[in-house]
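Working notes, beginning with the structure itself.
Number of protein chains: 4
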Amino acid sequence: MKIKMPVIMVNVKAYSESMGDKDIALARACEEVKEELGVSIAYAPQMVDLALVVREVNIPVLAQHAEAFLPGSKTGYTVLEAVNEAGASGTLINHSEHRLELADIDFLVSEARKLDLYTVVCTNNIPVSMAAAELSPNCIAIEPPDLIGSGIPVSKAEPEIVKMSVEAVKDINKDIAVLCGAGISTGKDVKAALELGAEGVLLASGVVKAENPKEVLLDLANGT
Amino acid sequence: MKIKMPVIMVNVKAYSESMGDKDIALARACEEVKEELGVSIAYAPQMVDLALVVREVNIPVLAQHAEAFLPGSKTGYTVLEAVNEAGASGTLINHSEHRLELADIDFLVSEARKLDLYTVVCTNNIPVSMAAAELSPNCIAIEPPDLIGSGIPVSKAEPEIVKMSVEAVKDINKDIAVLCGAGISTGKDVKAALELGAEGVLLASGVVKAENPKEVLLDLANGT
Amino acid sequence: MKIKMPVIMVNVKAYSESMGDKDIALARACEEVKEELGVSIAYAPQMVDLALVVREVNIPVLAQHAEAFLPGSKTGYTVLEAVNEAGASGTLINHSEHRLELADIDFLVSEARKLDLYTVVCTNNIPVSMAAAELSPNCIAIEPPDLIGSGIPVSKAEPEIVKMSVEAVKDINKDIAVLCGAGISTGKDVKAALELGAEGVLLASGVVKAENPKEVLLDLANGT
Amino acid sequence: MKIKMPVIMVNVKAYSESMGDKDIALARACEEVKEELGVSIAYAPQMVDLALVVREVNIPVLAQHAEAFLPGSKTGYTVLEAVNEAGASGTLINHSEHRLELADIDFLVSEARKLDLYTVVCTNNIPVSMAAAELSPNCIAIEPPDLIGSGIPVSKAEPEIVKMSVEAVKDINKDIAVLCGAGISTGKDVKAALELGAEGVLLASGVVKAENPKEVLLDLANGT
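Going down the list, the protein sequences come from chains H, D, Y and U. Sequential numbering from 3 applies to the first sequence in the numbering used here. Sequential numbering from 3 applies to the second sequence in the numbering used here. Sequential numbering from 3 applies to the third sequence in the numbering used here. Sequential numbering from 3 applies to the fourth sequence in the numbering used here.
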């Protein structure tokens, strides 16, 4: 399934609020908001729920992570081919909570290209974003460390890092979409991120831990 | 779902032969053999297929691995609570292809106990099996390194390591079931393992890469 | 060089206060206190200073860590044979800041035995200490997580975990020395640890970050 | 100590032929060849021998690896500050046998710059070399995977990857020196590498496992 810009990507991490039936319910809320407002939303469920969530909703589903192996004799690791066979649309790569070796990011981006899986490489600053851009993923999500899980809106702190990262990435490869991957809780934050040149946002706790996730998603969607 | 002894545990690893629909088909074959012959079979699917496979078959389903974290802000890792919410019965721990730190094995075994998840700790020799026994998992699967994926039957090479491991583990804690985790391809191997004191077997490629997995499973089941 | 009990082991970690010339000065302070008071002190310098410190002082020197490899084509890792050739007396294994896989602890303990290197396996609770004891290292250092770097004396918090760990380890193998690896800052703490059954202590910041490390060492030595 | 181009960098890895006294002897051989032929040679000893080797020879000494931490409460890891205090001139980063996370390569390169330590980032292909170039290390060493430890001279297999990597790196940052990090055993190979645009070579077993390392070094030096 294609991922259209601007996009809201929801990463449910390993939160207890997004497991089992609650994982499916959250994915459904994303699907409803997409249908009601016509916005683009992608959803990264718990790894063990991936194949099930793909069957339950009609929005792009992403793996939170994949290992830099080809299929084979490996236990307890998820390879890109399994993500693909599960029907997912792509994968996050190198999330700040699951950093990868440089050579493995390169492996994953180029293997995913062969499988037509969408790649979102997370980065923490401008030089790292430029390095990632040389690997030509579909998308780069900037996560300025000071904003991760801080509740501080990106428009208040470090807006320039988003702006400069977008420019630096586009200078290297204008086809890479850049997302704002931290400092997003509200529709206002989404709007600010888009004004800084981002083509979407990646967020987690703001949705997953909300009392009413659908309400938050509607607000976020209004920012696009 | 309870795991009864003697048991045949099938770990599908990250093989391309056990992804997506093929993962479900393999789980179904296990279910059929269990129903036809009344044997105990547990199935460890691809991590991303776990919740889906649990819904599709009526046999105990295991995770191939879980991380030693509590639920929370972790991306691309599977915690025990997500395994539990997916409806799985337990998890492999410390597989030879996914070794864990000693303190993490202890964490996983004791957290799984609270969630009533079944724990299968893999070990590579007698001292390590004894160390694992001190942590009181439900089950220990011995994988003598020389037999892993070798095609050599355990009855031909290193039968004594299984026998001595069973005795060493039972001396420490007689409630721990001991499985033979390598050197098993046929019903004859299963029979040999049980005669050496094992209460079941853990295998992978012998089933997953078979031309006719159900036939292999029937043969294995006849060894119990 | 033999390590006699009761022992004070000083781990200098990667502190800036214990690098280069300061690493040698700290090792000298240990040597002086050993000579002045006749106590047993072992010293674990920065990894890159190991061979140099061995040449500079006449007390047992330990590696802070070793990798579970045999010598060979590995870059930037320290194997036991290099520790041995550097003239060190042994190594810490599985420190709380450098946890190891269970099978690797087993590998290191049994390889070190062949090289006659002294092994100190760090553990975090009673079941893990019992598991470690099954591997028969020379020594186990208990580091109750709540006490690590807390400044809380072991006699005030969790004295029972030291006492019970000593008993549990000795029940499995009475030849293993048990050290108290956290909650030690003063000679009074050392005395308390020995009264709880420990045969020595392992400490770091209390010495390394002291304004006058030798004074602290003299106080610690008076507790033995 | 400055590293002049063209350079021969010798990485002794964790080979048994380069431990303890043999490590110092190898470093001396490098020093002698440097003095006799006036060539630039840098030497990366066993990690535990680093400070000692620095004192014993008058050539640039490199760490084989450093961890992406600041000094502090870390056990058994080597930080850049300890490398610096040991008197070393720089460090290898991201060797094919010790891969690092992208964000950690960035951390190490920028921290090393502050300490005036020379950085040699190892890479495995052209896109990864370009990514590394965006981080502005002093030097990039290309290690085409098929040539590592193969004994195949770089001039025979994959010469174009060296040539194209040099061009790609220089296009991004002309101040970065590019080394050929695999396929080098003889002076002829060194010559071929320099003709392909490399400014030096990084090698290991060819020197360390030679019957007469000094002879090999003399031959290599004649290729510069």
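Even for Gly, the Cβ is constructed at its ideal location relative to N, Cα and C. Just so we're clear, the structure is a prediction, and the values are computed from it rather than from any experiment.
Excluding sequence positions up to five before and after U/H100, its CB lies within less than 7 Å of the CB of H67, all in the same chain and listed in chain order.
When CB distances to chain H are screened at a threshold of 7 Å, the residues of the region 14-32 of chain D falling below it are K15, A16, Y17, S18, M21 and G22, in chain order. In terms of Cα proximity to D/K24, the closest of D/E103, D/A184, D/E58 and D/I5 is D/E58.
When Cβ pairs closer than 8 Å are counted between the two stretches, the region 77-84 of chain U is seen to touch the region 43-51 of chain Y, the count reaching three or more. U/L64 counts as buried, since no fewer than 16 other beta carbons sit within 10 angstroms of its beta carbon. One thing to note: D/P8 has its Cβ within 9 Å of the Cβ of D/E201. Residues are counted here when their Cβ sits less than 9 Å from a Cβ of chain Y; for the region 70-90 of chain U these are F71, L72, P73, G74, S75, K76, T77, G78, Y79, T80, V81, E83, A84, V85, N86, E87, A88, G89 and A90, given in chain order. Between the C-alpha atoms of U/G151 and U/V12 there is a straight-line separation of about 14 Å. Pairing D/E38 with D/A16, the inter-Cα distance amounts to about 28 Å.
For a cut-off of 8 Å, the C-beta gap from Y/V218 to Y/G225 is around 11 Å, too long to register as a contact. By DSSP's assignment, Y/S42 forms a beta bridge with Y/V9. Rounded to whole angstroms, the Cβ separation of D/E69 and D/K216 is 33 Å, and the two are not in contact under 8 Å. Boundaries of the beta strand (DSSP E) around U/L205: G202 to L205.
Sorting Y/D221, Y/A134, Y/E197 and Y/V164 by C-alpha distance to the C-alpha of Y/E145 places Y/V164 at the top. Look at the region 137-165 of chain Y: the residues with a C-beta under 8 Å from a C-beta of chain D are L137 and S138. Distance from the CA of H/T121 to the CA of H/A90, rounded to the nearest whole angstrom, comes to 12 Å. From the beta-carbon of D/R115, no residue of chain Y is found nearer than 8 Å; the closest lies around 11 Å away.
Per DSSP, Y/I142 lies in no alpha helix (DSSP H); the unbroken beta strand (DSSP E) holding it starts and ends at C141 to I144. When secondary structure is reduced to three states using DSSP, D/E87 falls in the helix class.
Within the region 94-160 of chain Y, complete alpha helix (DSSP H) segments of at least 4 residues are found at 104-117 and 128-135, given in chain order. Under the Cβ criterion of 9 Å, U/L102 is counted among the residues facing chain H. U/A105 places its beta carbon less than 9 Å from that of H/N126. Residue pairing by DSSP puts D/V180 in a beta bridge opposite D/I142. Of H/L205, H/V56, H/S187 and H/L220, the smallest CA-CA separation from H/S98 is found for H/L205.
Within the region 31-51 of chain U, the residues whose Cβ lies closer than 7 Å to any Cβ of chain Y are, in chain order, Q48, M49, V50 and D51. Among the bridge pairs identified by DSSP, Y/L222 is matched with none.
At a cut-off of 9 Å between beta-carbon atoms, H/S112 makes no contact with chain D. As DSSP reads the structure, U/L64 sits in a beta bridge with U/G92. Annotation: U/L102 to U/V180 spans about 19 Å, alpha carbon to alpha carbon.
By the neighbour-count criterion, in which 16 or more other beta carbons inside 10 Å mark a residue as buried, Y/D108 falls on the buried side.
Our two residues, D/S20 and D/D221, have alpha carbons roughly 20 Å apart in a direct line. Around the CB of Y/G40, fewer than 16 other CB atoms lie within 10 Å, so the residue is classed as exposed.
Residues of chain D whose Cβ lies closer than 8 Å to the Cβ of Y/P129 are, in chain order, D108, S112, E136, L137 and S138. The alpha-carbon of D/N175 is positioned some 7 Å away from that of D/A135. The C-beta of U/G153 has fewer than 16 other C-beta atoms within 10 Å across all chains shown, which makes the residue exposed. Judged by DSSP in its simplified three-state form, Y/A212 adopts coil rather than helix or strand.
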